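Respectively, the protein sequence lines represent chains A and B. My numbering applies: residue 528 is where the first sequence begins, and numbers increase by one. My numbering applies: residue 45 is where the second sequence begins, and numbers increase by one.
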Amino acid sequence: MTSLDALTLAVIQAGLQQVCNEMDIAFSRSAFSPVIAEADDRSDGIYDRDTGALIAQGEYGLPVFVGTMQYSTGELIRLIREGKVGAPEPGDIYIVNDPYLGGTHLMDVRFVKPVFVDGALFCWLQNTGHWPDIGGMVPGGFSAHATEVEQEGLRLPPVKLFKRGAMDPEIFSIIASNIRVADQRIGDIKAQAAALMVGESRLSDLLAKYGPETLDAAITEIRARSAERMRAEIRQIPDGTYTSEAFVDSDGVVNEPLRIALSMTKAGDGLTFDFSGSSPPCRGPMNSVVATTYSSVYLAVKHVFPDVPINAGTFAPLTIHRPEGTFLDARYPKPVSGCAAEVSQRIAEAVFLALVQAIPERVTAAPAGTSGNFALGGFDPAKNAPYVMYQITGGGYGGNAAHDGLSNGCSTIGISKTAPVEVMEQYYPVLFRRFALREGSGGAGAHRGGFGVHYEVELLRGEARASFVMDHGRFGPPGVLGGGAGAPNVVRIHRDGETITPLHLSKDQNIAIKAGDRVEVMTPGGGGYGAPATRDPALVARDLRRGYYRDDEAKDLWGSRS
Amino acid sequence: MRRMAGIDVGGTFTDLLLTEADSSGVRVRLAKVPTTIRNQAEGVLAAIRAAEVAPADLDLVIHGTTATTNAVLERKTAKVGLITTAGFRDVLELGRRTRPKPYGLFGTFEPLIPREWRREVPERVMADGAVHTPLDEGAVAEAVRALLAEGCEALVIHFLHAYANPEHELRAGAIARELWPNPYVTLGHALLSEFREYERGTTASVNAAVQPILDRYIRRLQDDLRAQGFARDLLVMNGNGGTVPAGLVVEAAAKTVMSGPASGVMAAAATLAQSGLTNAITYDMGGTSTDVALIAGGVPEVSAELTIDYGLPIHLPMVDVHTVGAGGGSIASVNRAGMLQVGPESAGSEPGPIGYGRGGTRPTITDANLVLGRLDPARLTAVRAGVSLDAIRDAFARDLAGPLGLSVEEAAEAVIRLGNVHMTGAIRMVSLSRGYDPRDFVLFAFGGAGPLHAVALARELGIPEVLVPARPGLTNALGCLVADLRQDRVRTLNRPLDGLDMADLRGVLEEQAADALAMVAEEQAEIEETTILYGADMQFRGQTHLIRVALPSREIDRATLQDLFETAYFRRFQVRLPEIRAVVVNLVTSVIGRRTPFPLAALIDDAGRTDLAGARLGTRPVYAGGAWHEAAIYAREALPLGAEIVGPAVIQQIDATTVIEPGATAQVDAIGNLRIRV
């Protein structure tokens, strides 16, 4: 490296990152879907022109997209080469949401834009946004009972939605005719496309300054350096094989747990992940496509080593054996709506539980690890209009070597905020009876888990149908190093004076309710870290004073410490 | 003779600017003394002494304090109790399902009011303001007594949907005030009448948590000033860039949080106005952090969505100042990938850069400036023990130049360049990326380190001109003197524009204006002109983010408002959405009492100005663009008005150092600003 290069390299790395960050911000600030605008369920990145490999990704993007978008770019490139998709021209934007082509679930819609320099393709820009609806058998797309992907909604192979800068009204019309509340999607489509334009304009500034050759050389070098940086982190992990398991409550159709079995091997400066022994593909929508499986491992590792930058090189030292024949490598037409929100978090949990054995200071006990999706679709007689309401909630994070877990932490694969109760009640015919910390839910430990949320919502007018896709209803998030598990997820429907618990505990759909009926949800607490008997008695006393635990609970959990 | 003093307490120094006006003109005195952390009032009095006046001689004191900001950041706040709607006492603790950083599952959060002091009472108002469950007044009284018995000093009453119908909060407040032994009772809707229970409740809890602290501090300061004969008005800076009389400041104590950065921006706006400019990005770089704000059309941007710390949003209108965690103390290193890295680690002010001689051993941005001759080691104010340049060079050789295969100078220049790139990225994110053209702006550089880097930053940002004001290190104190009296009112409407009765809209604006005008009228300072600004926070139906649209008057018609909104939206996002209805979410009214313009030209005494040769202190080798240059060094205070200086050059003054990079040209304008064409 010459003297100029050390600086140029760092400056170009910061510049590429900046391009992605500005795309992230532009997208969520102008999006309509609250899932994107408020919950930041979107991501933007730059991808290699020949392989689709990740060059840079926005720091504000949803973690679960950390790895998947490079696979969908790769599939697009393959299909173009095979002549199945039209070749890119300046101003084109492809739209795609096919889970089996490097995707997640159908609601995650990707836009891919080629960037040209002097007539030659230089790279791809891509973003993903979670659309609030994509058709299918339930509003919102999270069907708990689907057994084939066609029931989950509209599946789009890569097609050009924008051709030479102009939107194709016919393609748009096909999309709009197949999704609910289509009138607002035009706003999201424009926001999603505009974010890519912002990226293209910022990237052309960089290209003008350094030229494509220098940029190419820097990208290659940055990738190699990132791989080296990750290897340096991995070298600190003691050599050995670490095994762990995690369970999905059920697939929503067959009421049996699905097992994720992980055998992680650290040797030298590489980490290998082997999921063989996991459950076979399932009938219901809790299958994962392979891109999401890979991405879940990446995001878990990134949570443990948060300082490494995100590009294809970062993950080069990680080898993931393709889990063929398991529910972590679903093929068409298996339903997959639960993969991005739930199965991904169980995969990440398995990775945490393997890594915590090796480097216990740097990993927490299991976090709540469910997105807590609750959708309520109905008709509001007062507004004479249909609506679909979404409630997501967090749960407790795991205790760790430094402190107790965070309460109401966001899903590990997300960064999405919940909507305020006052906003929900403004928009939908509901009344929250409570929105509270779930007492007693944090797993016991030297450092206990954080607390989940306990809410109860009443329908004020008309009729509606409630659907749930949550998890950790059968087993709570595990504690580690002697710590106890967090409390499992609970869903209850209070209808006509009766209380109904869904057969699959955390998953169900289209439960009919009417005015006066209530839905009650308690989300999981985090796992505890270390033996409860070693907890500081002052902290036990404080937790009692605050009403986090009842006296009898504390005696059970902490014994003589209380 | 009329004397006005602006006194700003910063983290390290307490600054004073004093004007003396009589028939012969206006003179300015300056003072800079160390901040007295335990009792800021001592430093304030010391600053007055240092300016060689007596408090009895002052007609007006305008004061900026960090007492409330520090109390929140260090969690040294008062013991606060909360009374809230049954079922919702944990709202302040649960927040909105976040974590401190996008990646990593470590990190904790403690609300300002712990759970044992949060009490629920039966009551419930619905989204439309209708009462669902009547207020249990007995339960309120019981909760008040219980919290008093627990030793709470301040109280928050925060009920769901109180912005839509405040009846229950008002009644509970009346009950509480009969029992509460002091005035520290905050009603959630009184500070901001806007939906979002977590943000509104947290804002109220910040207010209550700092009320007793601010009250005690202001009382002590007033007592100390009075004891020395001061008998006139004391005004206090707010985060909205305006001032309020000391007697009124405690009720809305939360508004004083972040007032320091706001006053810097107000000083910038006043300086721009007198320089014939309207658009600037303000860039205040200190040792550990950098504050950035945007002034467009002469008016600083105001936001009601600031966050003071993780989990602590304050949704009050405040000057939209963004803090970037990088400053002169940012550490440079070579990371595990063998790549040069600047920040996010910082040496802070303790131990600080190596050059401060306080035990720092790792190279920082300030040290890079020393190595390259951009800073004069003999002139650093924060130095404890002299450190030889060789020691700094050794650290650069060991930590950076060796591993990267560079010379020491190349490594130091790379550190500054990379630090500038990060800074430009951060500046873009909060300013230009919102749809502004950098060519329409100047970079207004202040703070100890701002003028050192401004020329290079402006080049990187595509901004054609840098403005360094006469006193870059006293900008916050100047902000106190130029700040207007200001009152803001916000009310949530949340109705589609096409279904809105425009008479209702006018009615709300009228009511807000009358209320705010009454408050401004209570303030006794001389007001030259009172302005009322109206605005609407709008969105397209279905969106959650808001755009602030300035209204030309309250007599606005529907079509004009629709058009103003669409124009503002297009500028920001380059998207037109005729398909979707516009919604008016909040109405905002600000009443601003403008004071007499400050005589900026008096900030540097004309008597000290000589000619260019007389201002020249000599030359010094300065490294830039890969080579050493023999750069001219000038004394800022001696430069004549109109002087032109071609880079490379360094302009030194007591409170800052300005670097004119090779190829740039600086000119001293008519009121003493340095205007640099980059």
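Idealized CB from N, CA, C, for every residue including glycine. All of these numbers come straight from a predicted model, not from anything done at the bench.
Anticipated Cβ contact below 8 angstroms, residue i with residue j, distance rounded
i, j, result
"B/MET48", "B/ASP103", "6 angstroms"
"B/MET329", "B/GLY491", "5 angstroms"
"B/GLY399", "B/ILE436", "6 angstroms"
"A/ILE661", "A/LEU633", "5 angstroms"
"B/GLY308", "B/THR519", "5 angstroms"
"B/THR322", "B/PHE203", "Not confirmed; about 43 angstroms, so no contact."
"A/PRO894", "B/LEU149", "6 angstroms"
Residue i at chain B interface by Cβ criterion, 7 angstroms
i, result
"A/HIS492", "Residue numbering for chain A in the displayed model covers 528 to 1089; residue 492 of chain A lies beyond these limits and cannot be assessed."
"A/SER719", "The sequence given here places Gln at residue 719 of chain A; Ser does not occur at that position. Closer than 7 angstroms: no."
"A/CYS937", "yes"
"A/LYS829", "yes"
"A/PRO685", "no"
"A/HIS672", "no"
"A/THR891", "yes"
"A/ALA909", "no"
"A/ALA971", "no"
"A/SER530", "A caution first: A/SER530 carries a pLDDT of 39, below 50, which makes its placement in the model too unreliable to give a value."
"A/GLN482", "Residue coverage of chain A in this structure runs from 528 to 1089, which leaves residue 482 of chain A outside it and unanswerable."
"A/SER803", "no"
Closest by C-alpha distance to residue i, when choosing among the options
i, options, result
"B/THR536", "B/VAL552, B/ASP528 and B/ASP542", "B/VAL552"
"B/GLU154", "B/LEU62, B/PHE132, B/THR121 and B/MET467", "B/THR121"
"A/ILE552", "B/VAL722, B/ALA700, B/LEU661 and B/PHE617", "B/PHE617"
"A/TRP651", "A/GLY618, A/GLU952 and A/TYR737", "A/GLY618"
"A/ILE698", "A/GLN719, A/VAL623, A/ILE746 and A/ALA892", "A/VAL623"
"A/ILE582", "A/GLY972, A/ALA564 and A/GLY601", "A/GLY601"
"B/ALA370", "B/GLY342, B/ILE409, B/LEU595 and B/GLY403", "B/ILE409"
"B/GLY579", "B/GLU572, B/ARG585 and B/ILE591", "B/ILE591"
"A/ARG889", "A/SER753, A/TYR1056 and A/ALA1081", "A/TYR1056"
"B/ILE677", "B/PRO684, B/VAL632, B/ARG664 and B/ASP649", "B/ARG664"
"A/PRO626", "A/ALA744, A/ALA718, A/PHE592 and A/ALA818", "A/ALA818"
"A/ARG707", "A/SER700, A/GLU549 and A/PRO659", "A/PRO659"
"A/PRO666", "A/TYR917, A/GLN872, A/MET757 and A/VAL878", "A/TYR917"
"B/VAL564", "B/LEU316, B/GLN531, B/ARG119 and B/ALA65", "B/GLN531"
CB contact check: residue i to chain A, cutoff 7 angstroms
i, result
"B/PHE617", "yes"
"B/ARG143", "yes"
"B/PRO407", "no"
"B/MET362", "no"
"B/PHE723", "No answer is possible for residue 723 of chain B: it lies beyond the span of chain B, which begins at 45 and ends at 722."
"B/LEU149", "yes"
"B/ARG140", "yes"
"B/THR152", "yes"
"B/ALA381", "yes"
Delimiting residues of the beta strand (DSSP E) encompassing residue i
i, result
"A/GLN653", "647-657"
"A/ILE1027", "1025-1027"
"A/VAL686", "686-690"
"A/ASP801", "797-801"
Near the ligand ADP: residue i beta-carbon under 6 angstroms from a heavy atom
i, result
"B/ARG141", "The ligand ADP is absent from the structure shown, which contains no ligand whatsoever."
Opening and closing residue of the alpha helix (DSSP H) in which residue i lies
i, result
"A/TYR917", "Run containing A/TYR917: none in the alpha helix (DSSP H); it sits in the beta strand (DSSP E), 912-918."
"A/TYR825", "817-831"
"B/GLU181", "181-193"
query: Which runs of the alpha helix (DSSP H), 4 residues or longer, sit entirely within the stretch 242-312 of chain B?
result: 290-293
- prompt: What are the complete beta strand (DSSP E) segments, minimum 3 residues, inside the stretch 1033-1067 of chain A?
  reply: 1034-1041 and 1045-1049
message: Extract the residue ranges of the beta strand (DSSP E) inside the stretch 587-616 of chain B, only unbroken runs of 3 or more that lie entirely within it.
response: 591-595
- request: Could you name each continuous alpha helix (DSSP H) segment of 4 residues or more that falls completely within the stretch 462-536 of chain B, going from the start of the chain to the end?
  value: 494-505 and 519-526
message: At 4 residues or longer, what runs of the alpha helix (DSSP H) sit wholly inside the stretch 915-996 of chain A?
response: 948-954
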